[in-house]
Structures are given as C-alpha cells and as structure tokens.
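Engineer: Take this structure, written in structure tokens, and hold onto it; I'll ask about it next.
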Amino acid sequence: MLADEVSALCYERYRALPRRGKPERGREWTLLAAVVRFEAAGPRVTKEVVAMGTGTKCIGQTKMRKSGDVLNDSHAEVVAKRSFQRYLLHQLGLAASYQQCSIFSPGMETGKWKLKPHITFIFFSSHTPCGDASIIPMSESEDQPCKPVGLEDVMRQSAECAIVVGKCPYSQEAMQRAVVERCQHVSPLPEGFQVQEVKMLPSDLQFEHSHGAVQALHESCKAKLVPCGAAIGWSAVPEQPLDVTANGFRQGTTRKGIGSPQSRSRICKVEIFHAFKKLVASISQENLPKSLRMKKLETYQDYKEAAANYQEAWQVLRSQALGAWIQNAKDYLQFT
Numbered sequence: 001m002l003a004d005e006v007s008a009l010c011y012e013r014y015r016a017l018p019r020r021g022k023p024e025r026g027r028e029w030t031l032l033a034a035v036v037r038f039e040a041a042g043p044r045v046t047k048e049v050v051a052m053g054t055g056t057k058c059i060g061q062t063k064m065r066k067s068g069d070v071l072n073d074s075h076a077e078v079v080a081k082r083s084f085q086r087y088l089l090h091q092l093g094l095a096a097s098y099q100q101c102s103i104f105s106p107g108m109e110t111g112k113w114k115l116k117p118h119i120t121f122i123f124f125s126s127h128t129p130c131g132d133a134s135i136i137p138m139s140e141s142e143d144q145p146c147k148p149v150g151l152e153d154v155m156r157q158s159a160e161c162a163i164v165v166g167k168c169p170y171s172q173e174a175m176q177r178a179v180v181e182r183c184q185h186v187s188p189l190p191e192g193f194q195v196q197e198v199k200m201l202p203s204d205l206q207f208e209h210s211h212g213a214v215q216a217l218h219e220s221c222k223a224k225l226v227p228c229g230a231a232i233g234w235s236a237v238p239e240q241p242l243d244v245t246a247n248g249f250r251q252g253t254t255r256k257g258i259g260s261p262q263s264r265s266r267i268c269k270v271e272i273f274h275a276f277k278k279l280v281a282s283i284s285q286e287n288l289p290k291s292l293r294m295k296k297l298e299t300y301q302d303y304k305e306a307a308a309n310y311q312e313a314w315q316v317l318r319s320q321a322l323g324a325w326i327q328n329a330k331d332y333l334q335f336t
C-alpha cells in the first residue's frame, strides 16, 4: 500500500540522520513530517525524501524578533515545509542555470517555472494535525476501512495531492473536515491557483519516536514522558542539509550568541530570504519574472507583496476559510 511505502521511506531517512536533536531514549517523544518526491521515468518510479522536520514547539509571541532571525514555529509540519522551501530554492537555482537535473522546466512566461509533468510530491505526517483533525467521536472506530491507494493512482495526475499519516488515532471524517472541506469552496482564485483534490492515506506503520510508541515501549518506566525540546530540519541540498534548533535558534546557541549569524536556523525567515535574494541576483534582469524585473524591492515584505497573485489567493483563502488565522504585525516583516 502506498501509505506504508511512504511511511517506511520517511522512517528510514529519519534513522539515517545523526543522533543530534533526536529524543532522549525512554523520556522524550517528538513528531515527524516530510515531503517525498515521486518521479516516473517510463515504467520505473523513483521515490526520495527531499525534506524533513521534527518538533513539537513554538516560541510564543513575546520571543519573536523583528529581525526575522528566530524560528517562530518548530512544529514538525512547519519545519518540513520550510525545509522543502530550501529544496525548492536549490532546484530553482539548477533550473535557472539550465541544468537538466532540476525538477523544473520553463513556464509560459519569462522567469516563471513549472514542475516537470512526471514529478509529484506527497506530504507525510507521523500524526494527525492537532485541533479539528484530531477530534475523533467516541463512536467512531480508529480503524476505519480506507480504500487502498497505489502509486499508479497518485501518479495518474501530476496535479493530484496526497497526505500520508503514520499510525495514530485516526478519523477519515475528521481529516476531510479539517483539511479538505473547509477550503473546497474557496473562490474566486486568481490565475495559477485552484482548489486541489487531496487524498488522505492512513498508514499502519508507527513512528518509533511518537508519544504512543515511546509510551508502549516503556510502560514499566515511571519517568514522565515529555516532548523533545529540539527540532530537526533536513533538506536534500548539497550545502549544510541538516539544521538542528532549540528555542528557535541553532542548538547550542548561548544567550550571548543570540543575534549573530551563527545562531540562525537555516530555515528562519531571514535566512530563506537571503537565499532567495542570492538566487534572484544570479539571474539576469531580462530573465526574471515581471514581478521582480527593474523594481526597487528591499524588505522581506516588499518581496512578499511583489507576488501579487499569491497575495490575492492568500487573502481569499484567509477571508473565506481561515478567518481565525493569526497574522503577524507588519513590523516583523521589515528586515532585509
């Protein structure tokens, strides 16, 4: 079954990571999330984990910094998403330098790129998201029958999305309600954006450092289980793929070291912003997209707002489906 294939691949990649940042044996637990790339080359399909994250914490509003150099949210899904952004920036760099190994090919407009048609991605999470997706009625069985989905089903349409969830208390109805139904009627969306069909695929394989797995293994132990304080980010990039943080900064950072470039997570806002600006600077003006060409953009907010269609789509989504979504004050977006 595809869900078990994806889970096993993610767990294997996690085990291959260094020990640093992983839970203390018998005392700590964590969550895992990842992005898996599927590439169909003729009859052969290759699978590769390209981004991964662990973590259970966020820093809280009082510890946020206007310099963008702290990782505000270290929940596994967010760390995996931001690690995936590092991977995408690397792949865009390959595409811009005309390297065939990139996942992107030229789009219809100058400076824009599209995913190659034989490539698709699946998101993995070792547990259902907290909140609505984890509210399961007592009358509902945790082992609901779910139609098995094979790799050929997912690869049939490159635009199709799938989320695989590791073994945990699971409700197909709750996941549909939280992830799909609240967004499926959002409209109108600008050009280039559309509501995607998302397949929810539960796995029978449990993450070894999940709360349930650690608790079951150490039932006789009287020590209280606590969430791991560190977060791990990993990207399939050639330079410094691993990023281990604690309290929003690189693990091992002292109070005196906070604010130095060495203290920054590679996936904090300012570091990803600098990686993006470095990519833009490597491309000639005539090959940039219209939104970035011959414009005086300086701050993080300037560049965000230059993506007008994205901002419009995000505004529609927020107003129609995510009204309670917390927004940061613009003071936190003025860094360069």
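Reminder that position 321 of the sequence shown reads as 321 in full-length UniProt numbering, one-by-one numbering, no gaps. Glycine included, each C-beta is placed from N, C-alpha and C at the ideal position.
1. Give the single residue among Val316, Arg177, Lys277 and Ile163 whose Cα lies nearest to the Cα of Phe335.
2. Within 10 angstroms of the Cβ of Gln100, are there 16 or more other Cβ atoms? Answer buried if so, exposed if not.
3. What would DSSP say about Ser125, mapped onto helix, strand or coil?
4. Which residues does DSSP pair with Trp234 in a beta bridge?
5. Touch check for the stretch 211–222 and the stretch 320–335: three-plus C-beta pairs under 8 Å?
6. Identify the residues that DSSP records as bridge partners of Arg250: which are they?
7. So for Val186, helix, strand or coil by DSSP?
8. Specify whether the stretch 63–82 and the stretch 106–113 touch according to this definition: at least 3 beta carbon pairs, one from each stretch, less than 8 Å apart.
9. With Ser74 as the anchor, note down where its beta strand (DSSP E) starts and where it stops.
10. For Gln184 and Gln176, what's the separation of their Cα atoms in angstroms?
11. Assuming Tyr170 contacts Thr128 under a Cβ cut-off of 8 Å, what Cβ separation, rounded to an integer in Å, is found between them?
12. Suppose you measure from the CA of Ala230 to the CA of Lys81; what does that come to, to the nearest Å?
13. With burial defined as no fewer than 16 other Cβ atoms inside 10 Å of the residue's Cβ, what is the status of Lys256: buried or exposed?
14. Would the beta-carbon of Phe335 be found less than 6 Å away from any heavy atom of the ligand NAP?
15. Within its chain, find whatever has a CB closer than 6 Å to the CB of His75; leave out the 5 residues flanking it on each side and keep chain order.
16. Pick out whichever of Ala329, Ser291, Glu239 and Glu286 has its Cα sitting closest to the Cα of Arg86.
17. For the beta strand (DSSP E) containing Glu39, name the first residue and the last one.
18. CB-CB under 6 Å to Pro190, same chain, minus the five flanking residues each way: which ones, in chain order?
19. As a quick exercise: from Gly248, Ile283, Trp234 and Ile272, pick the residue whose alpha carbon is nearest that of Arg15.
20. If you draw a straight line from the C-alpha of Gln61 to the C-alpha of Gln327, how long is it?
21. Judging by CA-CA distance, which residue of Asp4, Ala223 and Ile258 is the nearest neighbour of Ser126?
22. Starting from Ala162, follow its DSSP beta bridges and name the residues at the other end.
23. Closest to Val186 by CA distance: which of Ser319, Phe38 and Arg13 is it?
24. Opposite Val45 in the DSSP bridges: which residues?
25. Is there contact here, the stretch 277–295 with the stretch 245–256, by at least three beta-carbon pairs under 8 Å?
26. Using the Cβ count rule (16 or more neighbours within 10 Å means buried), how would you classify Arg19?
27. I need the straight-line Cα distance from residue 409 to Val49, nearest angstrom please.
28. Alpha carbon to alpha carbon, what distance is there between Pro188 and Val316?
29. Let's test the definition: count the other Cβ atoms within 10 Å of the Cβ of Lys295 and tell me whether it reaches 16, buried, or not, exposed.
Structural biologist: Checking against the coordinates, here is how it stands:
1. Per the Cα distances, Lys277.
2. By the 16-neighbour rule on beta-carbons within 10 angstroms, Gln100 is exposed.
3. DSSP places Ser125 within a strand segment (E or B) once states are collapsed to three.
4. Partner residues in the beta bridge of Trp234, as assigned by DSSP, are Met52 and Leu242.
5. No contact exists between the stretch 211–222 and the stretch 320–335.
6. Arg250 pairs with Thr245.
7. Looking at Val186 - three-state DSSP - the assignment turns out to be coil, as it is neither helix nor strand.
8. Taking 8 Å as the limit for Cβ pairs, the verdict is that the stretch 106–113 does not touch the stretch 63–82.
9. Counted as a single uninterrupted DSSP element, the beta strand (DSSP E) harbouring Ser74 occupies residues Asp73 to His75.
10. So the alpha carbons of these two residues sit roughly 10 Å apart.
11. A Cβ-Cβ separation of about 6 Å places Tyr170 in contact with Thr128 under the 8 Å criterion.
12. Rounded to whole angstroms, Ala230 to Lys81 spans 17 Å at the Cα level.
13. The residue is exposed, with fewer than 16 neighbouring Cβ atoms inside 10 Å.
14. Inclusion of the ligand NAP in the displayed structure is not the case, the ligand content being empty and no account of it being possible.
15. Here the set comprises Gly55.
16. Closest in C-alpha terms to Arg86, from the list Ala329, Ser291, Glu239 and Glu286, comes Glu239.
17. Glu39 -> beta strand (DSSP E) spans Leu32 to Ala41.
18. So the list reads Asn309, Glu312 and Ala313, once near-sequence residues are dropped.
19. Among Gly248, Ile283, Trp234 and Ile272, the Cα nearest to that of Arg15 is on Trp234.
20. Whole-angstrom Cα-Cα distance: 11 Å.
21. Minimum Cα distance to Ser126 is reached at Asp4.
22. In DSSP, Ala162 forms a bridge with Lys199.
23. Out of Ser319, Phe38 and Arg13, Ser319 has the C-alpha closest to the C-alpha of Val186.
24. DSSP lists Ala40 as the beta-bridge partner residues of Val45.
25. By the Cβ test, the stretch 277–295 is not in contact with the stretch 245–256, since fewer than three Cβ pairs between them sit closer than 8 Å.
26. Around the CB of Arg19, fewer than 16 other CB atoms lie within 10 Å, so the residue is classed as exposed.
27. Given that the chain is displayed from residue 1 to residue 336, the structure contains no residue 409 and the question cannot be resolved.
28. About 8 Å.
29. Exposed is the call here.
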